[in-house]
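With this note's numbering, letter number 71 in the sequence shown gets 92, and the count goes up by one each step, no holes.
We treat Cβ as the ideally placed atom computed from N, Cα and C, and that holds for glycine.
All figures in this text were calculated on a predicted structure; none of them were measured in a lab.
One structure below.
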Amino acid sequence: MGGKTGTGELPKHLQRNLEGIVDDFIICPVRNMAEDEDILIKGYISELESAGRKVHYPPRDTNQNDAVGLNICTENKNAIKKAGEVHIYYNSKSTGTVFDLGMAFMARKPLVIINQEFNYEEQDKIFGFVVNYAEKID
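Next up, the structure:
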């Protein structure tokens, strides 16, 4: 799950590049985020920040007061461009997640899947893309 390994260390898939990367952008649901997702993602961010990483978390760091979403998309685009890596908590019901994923793809950012245990059905082409992209960009 993106949690600590029990030894006080970050999971192995997050231990790479810790010295050279100062910024991470978190792609995740913002509207209608479930409480358990919010708790899991905030715990994940806490681990990254405890390891000295600067994290851009849109619910916290992007101004969400935007009637049509253009300013939100612009702020997220700029933060993604500055990020060393993009971390995604995939939720198939989040359209903003798909939009931000497209921006990360366009910027050719390394992608880390937060919820690697996500159980998706074969027809979920977006998550298939996420997994494929994460494996190829490494």
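Among the residues of its own chain, which have a CB less than 8 Å from the CB of residue i, if the five just before and after it don't count?
i: Pro50; result: Glu58, Tyr110, Asn112, Lys114, Ser115, Gly117 and Thr118
Give the DSSP-derived three-state secondary structure of residue i in the structure shown.
i: Val89; result: coil
i: Lys130; result: coil
i: Lys157; result: helix
i: Val152; result: helix
i: Ile60; result: helix
i: Val119; result: helix
i: Ile101; result: helix
i: Lys114; result: coil
i: Ile66; result: helix
i: Glu106; result: strand
i: Ile135; result: coil
Looking at residue i: is its Cβ nearer than 8 Å to the Cβ of residue j?
i: Cys94; j: Phe126; result: no
i: Asn66; j: Tyr78; result: A quick correction: the sequence has Ile, not Asn, at residue 66. Closer than 8 Å, so yes.
i: Glu96; j: Asn84; result: yes
For the putative contact between residue i and residue j, defined by C-beta atoms under 8 Å, what is the C-beta separation to the nearest angstrom?
i: Phe46; j: Ile101; result: 5 Å
i: Asn75; j: Val107; result: First, the residue type needs correcting, since residue 75 is Lys and not Asn in the sequence shown. Contact flag wrong, Cβ pair sits at about 14 Å.
i: Met124; j: Lys98; result: 5 Å
i: Ala155; j: Ile134; result: 5 Å
i: Ile62; j: Leu122; result: At roughly 16 Å, the Cβ-Cβ gap does not stay under 8 Å, so Ile62 and Leu122 are not in contact.
Within a Cβ cutoff of 7 Å, which residues of the same chain sit near residue i, ignoring the five residues on either side of it in sequence?
i: Glu70; result: Val76
What does a CB cutoff of less than 6 Å around residue i pick up in its chain, not counting 5 residues either side in sequence?
i: Ala128; result: Ile101 and Lys102
i: Asp44; result: Lys75, Lys103, Ala104 and Gly105
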